[in-house]
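**Student:** So the protein sequences, as listed, match chains A and B. If you're matching positions, the first sequence starts at 0 in numbering that gives the first Met the number 0 and goes up one per residue. If you're matching positions, the second sequence starts at 0 in numbering that gives the first Met the number 0 and goes up one per residue.
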Amino acid sequence: MTKRPERVATPKRDQFTTVQLKPRSQENGQPPNGPDVIGQDAGGRVIVAEIKMRPSDGKREFYYYAGSTPHLEAGTLYQFRWSARALVAMVRDEYKRKPPRSAEFLLLLVPKEDRRTILGDLEEEYQTIVLPRHGAIKAQRWYWGQVLACVLPYVWRLARRVGSAVLGAIALHRLMR
Amino acid sequence: MSKRDYLGEFEQLVILALLRLGDNAYGMRVRREIEERTRRSVSLGAVYTTLERLETKGYVSSRIGDPTPERGGRAKKFFRVEGAGESALRQSREAYITMASGLKPRLEAI
Numbered sequence: 000m001t002k003r004p005e006r007v008a009t010p011k012r013d014q015f016t017t018v019q020l021k022p023r024s025q026e027n028g029q030p031p032n033g034p035d036v037i038g039q040d041a042g043g044r045v046i047v048a049e050i051k052m053r054p055s056d057g058k059r060e061f062y063y064y065a066g067s068t069p070h071l072e073a074g075t076l077y078q079f080r081w082s083a084r085a086l087v088a089m090v091r092d093e094y095k096r097k098p099p100r101s102a103e104f105l106l107l108l109v110p111k112e113d114r115r116t117i118l119g120d121l122e123e124e125y126q127t128i129v130l131p132r133h134g135a136i137k138a139q140r141w142y143w144g145q146v147l148a149c150v151l152p153y154v155w156r157l158a159r160r161v162g163s164a165v166l167g168a169i170a171l172h173r174l175m176r
Numbered sequence: 000m001s002k003r004d005y006l007g008e009f010e011q012l013v014i015l016a017l018l019r020l021g022d023n024a025y026g027m028r029v030r031r032e033i034e035e036r037t038r039r040s041v042s043l044g045a046v047y048t049t050l051e052r053l054e055t056k057g058y059v060s061s062r063i064g065d066p067t068p069e070r071g072g073r074a075k076k077f078f079r080v081e082g083a084g085e086s087a088l089r090q091s092r093e094a095y096i097t098m099a100s101g102l103k104p105r106l107e108a109i
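Laid out in structure tokens, this is it:
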């Protein structure tokens, strides 16, 4: 029979001191797949937070653990109530790691066959180059700029086609009169 | 030689980038290659519209690669230069060299 691990008390607000809250943008653009050390309670235990993806539906779940090392084994993990501050910081961090999805609506102007490839290229450059080098704010600005610049040649091409068709129709109308 | 065999300046840059990148030539790499070498800002849209035009002319061909996690599970579209593309690039380059011949001192003074 396996020994049931001892439950650790939830740290109170005044017992909780943040020792490290590292922006994920500084982690070489790696996906968030490991626990983050976000604090230490009065007893010296490390507080670890982790975002896990639920395989069934792809939704993200938030976990909050305490222990003696940031690399805790599954049997020693204890789930705690979320510290609102840590949760907000992690959600904000997670959000900043992603390219701004609202910008992607503009790419509806791009033909379907190119859209997915362009989105993939933009996301790859955002995650692997721009975000680690420049941080979340500049990276998001860069993404918006790239999306706008991406759309312009397609809008221009569409405008030329529509313009040619309109001019052709006018010319035909005059010839027919 | 027909008029169609000549390439525009940006088309030449895109084909040269494809030749440089070899088997690993896809939109993002082409854009970065041109941007880093020419130090001019290039959008992915401009690269893709040019590649599409070159593909229609038969100067380049494309194939879809495997999806990767860093691209949000989206596939890469790899491009390669075809014989007609290399020929068109050669003709454009020869035309430029012919026009520029004898103007070296003047061009260097600019």
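Idealized CB from N, CA, C, for every residue including glycine.
Would you kindly report the start and end of the unbroken alpha helix (DSSP H) that includes phenylalanine 78(B)?
**Tutor:** That residue, phenylalanine 78(B), is in no alpha helix (DSSP H); its beta strand (DSSP E) goes 73-80.
**Student:** Using only CA atoms, which one of Ser101(A), Glu112(A), Pro98(A) and Ala102(A) lies nearest to lysine 76(B)?
**Tutor:** The shortest C-alpha separation from lysine 76(B) is found at Glu112(A).
**Student:** Kindly indicate if chain B contains any beta-carbon less than 7 Å away from that of serine 163(A).
**Tutor:** Cβ-Cβ to chain B under 7 Å: no for serine 163(A).
**Student:** My output table needs one value for glycine 7(B): the three-state DSSP class, helix, strand or coil.
**Tutor:** Coil, per DSSP.
**Student:** With DSSP collapsed to three states, give me the class of glycine 57(B).
**Tutor:** Coil, per DSSP.
**Student:** Measure the alpha-carbon distance for glycine 7(B) versus alanine 74(B) and round it to whole angstroms.
**Tutor:** If I take the Cα positions, the gap works out to 29 Å.
**Student:** Buried or exposed, going by whether 16 or more other CB atoms sit within 10 Å of the CB of leucine 95(B)?
**Tutor:** The identity of residue 95(B) in the sequence shown is tyrosine, whereas the question assumes leucine. By the 10 Å Cβ count, tyrosine 95(B) comes out exposed.
**Student:** Once you ignore the five residues that flank tyrosine 25(B) on each side, which residues in its own chain have a CB closer than 8 Å to its CB?
**Tutor:** Gly64, Lys75, Lys76, Phe77 and Phe78.
**Student:** Going by beta-carbon coordinates alone, are tyrosine 142(A) and tyrosine 125(A) separated by less than 7 Å?
**Tutor:** It is a contact, given that the beta carbons lie within the stated cut-off.
**Student:** For arginine 228(A), go through chain B and note every residue whose CB falls closer than 7 Å to its CB, in chain order.
**Tutor:** Any question about residue 228(A) goes unanswered here, given that chain A covers just 0 to 176.
**Student:** Would DSSP call glycine 101(B) helix, strand or coil?
**Tutor:** Glycine 101(B) falls in the coil class under three-state DSSP.
**Student:** Just to confirm my understanding: we take glycine 32(B), look at its own chain, exclude 5 residues before and 5 after, and list those with CB closer than 8 Å. What are they?
**Tutor:** Sequence check: residue 32(B) is glutamate here, not glycine. Only Ala16, Arg19 and Leu20 meet the Cβ criterion.
**Student:** Below 8 Å between beta carbons is the criterion; list the residues of the region 4-35 of chain B that meet it against any residue of chain A, in chain order.
**Tutor:** Correct list: Tyr25, Gly26, Met27, Arg30 and Arg31.
**Student:** What would DSSP say about arginine 70(B), mapped onto helix, strand or coil?
**Tutor:** Helix, per DSSP.
**Student:** Look at the Cβ atom of proline 99(A), then the Cβ atom of glutamate 122(A), and state whether they are nearer than 7 Å.
**Tutor:** No, Cβ-Cβ distance for proline 99(A) and glutamate 122(A) is not below 7 Å.
**Student:** From the beta carbon of leucine 108(A), is the nearest beta carbon of chain B less than 7 Å away?
**Tutor:** Not an interface residue.
**Student:** Given that leucine 43(B) touches chain A, what residues does it touch there, using C-beta distances under 8 Å?
**Tutor:** In chain order: Ile117, Asp120, Leu121, Gln145, Ala148 and Cys149.
**Student:** Buried or exposed for arginine 115(A), please, with buried defined as at least 16 other CB atoms from any protein chain shown within 10 angstroms of its CB.
**Tutor:** Buried: at least 16 other Cβ atoms inside 10 Å.
**Student:** CB-CB under 6 Å to leucine 105(A), same chain, minus the five flanking residues each way: which ones, in chain order?
**Tutor:** So the list reads Val146 and Val150, once near-sequence residues are dropped.
**Student:** Which residue's Cα is closest to the Cα of alanine 102(A): Arg132(A), Ala138(A), Gly134(A) and His133(A)?
**Tutor:** Nearest option by C-alpha distance: Ala138(A).
**Student:** Curious, which full-length alpha helix (DSSP H) runs of at least 4 residues does the region 98-138 of chain A contain?
**Tutor:** With a minimum length of 4 residues, the continuous alpha helix (DSSP H) runs that stay inside the region 98-138 of chain A are 111-124.
**Student:** Give the DSSP-derived three-state secondary structure of arginine 38(B) in the structure shown.
**Tutor:** Coil.
**Student:** Would you report the Cα separation of methionine 98(B) and arginine 159(A), rounded to the nearest angstrom?
**Tutor:** Their Cα atoms are separated by approximately 32 Å.
**Student:** Using only alpha-carbon positions, find the residue among Pro68(B), Asn23(B) and Gly44(B) that is nearest to arginine 62(B).
**Tutor:** Out of Pro68(B), Asn23(B) and Gly44(B), Asn23(B) has the C-alpha closest to the C-alpha of arginine 62(B).
**Student:** Using the C-alpha atoms, what's the distance from valine 46(B) back to proline 66(B)?
**Tutor:** About 20 Å.
**Student:** Measure the CB-CB distance between serine 42(B) and alanine 148(A) and report whether it falls below 7 Å.
**Tutor:** Yes, these two residues count as a Cβ contact at 7 Å.
**Student:** List, in order along the chain, the chain B residues whose C-beta lies closer than 9 Å to that of proline 131(A)?
**Tutor:** In chain order: nothing, as chain B lies at least about 12 Å away.
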